[in-house]
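Numbers 35 to 305, taken from the numbering used here, label the letters of the sequence shown in order. No residue lacks a Cβ here, since even glycine has one placed at the ideal position from N, Cα and C. So the structure is just underneath, and the comments pick up after that.
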Amino acid sequence: MLVDYHIHTNHSIDGEMTIDEVCRKAISLGIKEIAFTDHIDLDWPDPEFDFASIDIEQYILEIDQSKAKYKGQLRIKTGIEIGMQPHVLDETAKIIEDYPFDFVIGSVHIIQRMDPYQGKYYIGKTKEEFYRLYYEETLRLIKEFSYFDVLGHIGYIKRYSPLPYEKEDDLLHLDLVDEILRVLIKEDKGIEVNTSGFRHISNSSMPSIEIVRRYKELGGTVITLGSDSHKLSDFGFGLKDGLETIIQAGFNKITTYTKRKPYFHSISKKE
Ligand SMILES: [Zn+2]
Ligand SMILES: [Zn+2]
Numbered sequence: 035m036l037v038d039y040h041i042h043t044n045h046s047i048d049g050e051m052t053i054d055e056v057c058r059k060a061i062s063l064g065i066k067e068i069a070f071t072d073h074i075d076l077d078w079p080d081p082e083f084d085f086a087s088i089d090i091e092q093y094i095l096e097i098d099q100s101k102a103k104y105k106g107q108l109r110i111k112t113g114i115e116i117g118m119q120p121h122v123l124d125e126t127a128k129i130i131e132d133y134p135f136d137f138v139i140g141s142v143h144i145i146q147r148m149d150p151y152q153g154k155y156y157i158g159k160t161k162e163e164f165y166r167l168y169y170e171e172t173l174r175l176i177k178e179f180s181y182f183d184v185l186g187h188i189g190y191i192k193r194y195s196p197l198p199y200e201k202e203d204d205l206l207h208l209d210l211v212d213e214i215l216r217v218l219i220k221e222d223k224g225i226e227v228n229t230s231g232f233r234h235i236s237n238s239s240m241p242s243i244e245i246v247r248r249y250k251e252l253g254g255t256v257i258t259l260g261s262d263s264h265k266l267s268d269f270g271f272g273l274k275d276g277l278e279t280i281i282q283a284g285f286n287k288i289t290t291y292t293k294r295k296p297y298f299h300s301i302s303k304k305e
């Protein structure tokens, strides 16, 4: 079953597509279910990028309208991607509690007040160091914060790394990765297979298949699939490769969410 559980629309400041455009494209691609997951990242360090500016009520209203409009053709879920930083966790939890989300991705976009997208994060650090800091920060945050369903794009910093990508990068600090996965599993949380990595030089999912396989080995069962698209040309990109990664890692079920509750669906290569 093809789904896309990581989508940004023009309700996010970095999204370019409308909710309606996404629905129409999903139907044309034969995608059965989608979850919109626009950004709420409180206190982004660069005031030029206000990832907290979303009008949540309007966002939910438009998604509800699309649910009614495409009923019987496409299942549509109200999701959100929240950015975790140590000093905004309580405020973020309150937002999650206050709105009727179906699905919440918890992501680490900012590390020690630095945005990897802007490059400063990597300055003066070896690859070993910048991966370690990212994983340590992720571990610390998921131990403190539990208001999410799946951890977003594990290995995110490879997306903007100024150093050439090497396959071994995906295998750095597997001890820390194991710790992260164990915390998630203990709390019945999942990981996503984020296919934006197939648009990156690494040409592989985030996280890599090795980490997806490890999550399975440690007893993890909850796995979602998403393109992390911000524009229509990226929507749905890499989903089939992502599904193949999930199968190769040993899973025979994929997860969807309704009102924060996981549902498991057999993966059929035919759909
Ligand atoms: Zn993200
Ligand atoms: Zn995203």
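Own chain residues within Cβ distance below 6 Å of residue i, not counting five before or after
i	result
Y151	Y194
G254	I219
I209	The sequence as given places Asp at residue 209; Ile does not occur at that position. Once the five neighbours on either side are set aside, D209 has no close Cβ partner at all.
H187	N228, M240
H73	S46, F85, E115
N-terminal and C-terminal residue of the beta strand (DSSP E) that residue i is part of
i	result
E67	67-74
I257	257-260
For residue i, the residue or residues it bridges with in DSSP
i	result
E115	H73, I139
D38	I68
R109	E67
M148	I145
F298	T289
S263	I41
V184	I139, G224
Contact set for residue i: own chain, Cβ-Cβ below 7 Å, skip 5 residues either direction
i	result
F164	Y155, Y156, I191
S6	The chain is shown only over 35 to 305; residue 6 falls outside these bounds and no answer can be derived.
E244	D204, L205
D48	H42, H264
S87	I47
T172	V142, I214
G268	As written in the sequence, residue 268 is Asp, which differs from the Gly given in the question. Excluding residues within five positions, the ones whose Cβ falls inside 7 Å are R233, S261.
Residue range of the unbroken alpha helix (DSSP H) whose run includes residue i
i	result
F164	161-178
E251	243-251
T52	Run containing T52: none; DSSP gives neither H nor E here.
K103	90-103
A127	123-132
D84	Per DSSP, D84 belongs to no alpha helix (DSSP H) and is neither H nor E.
G276	273-282
8 Å CB neighbourhood of residue i in its chain, flanking five on each side removed
i	result
K101	I110
I301	M35, L277, I280, I281, F285, N286, K287, I288
I68	V37, D38, Y39, I41, V56, C57, A60, L108, R109, I110, K111
L252	D212, L215, R216, I219
I144	D75, W78, P79, G117, Q119
K66	M35, L36, V37, L108, R109, E305
I131	Contrary to the premise, residue 131 reads as Glu rather than Ile in this sequence. So the qualifying residues of the chain are Y181.
R166	L206, H207, L210
For this session: Measuring from each Cβ to the nearest heavy atom of ligand 1, keep the ones under 6 Å and list them in chain order.
Result: E115, S141, H143, G186, H187
For this session: Any chance you could list the beta strand (DSSP E) runs of at least 3 consecutive residues sitting entirely within the region 187-255, in chain order?
Result: 224-228
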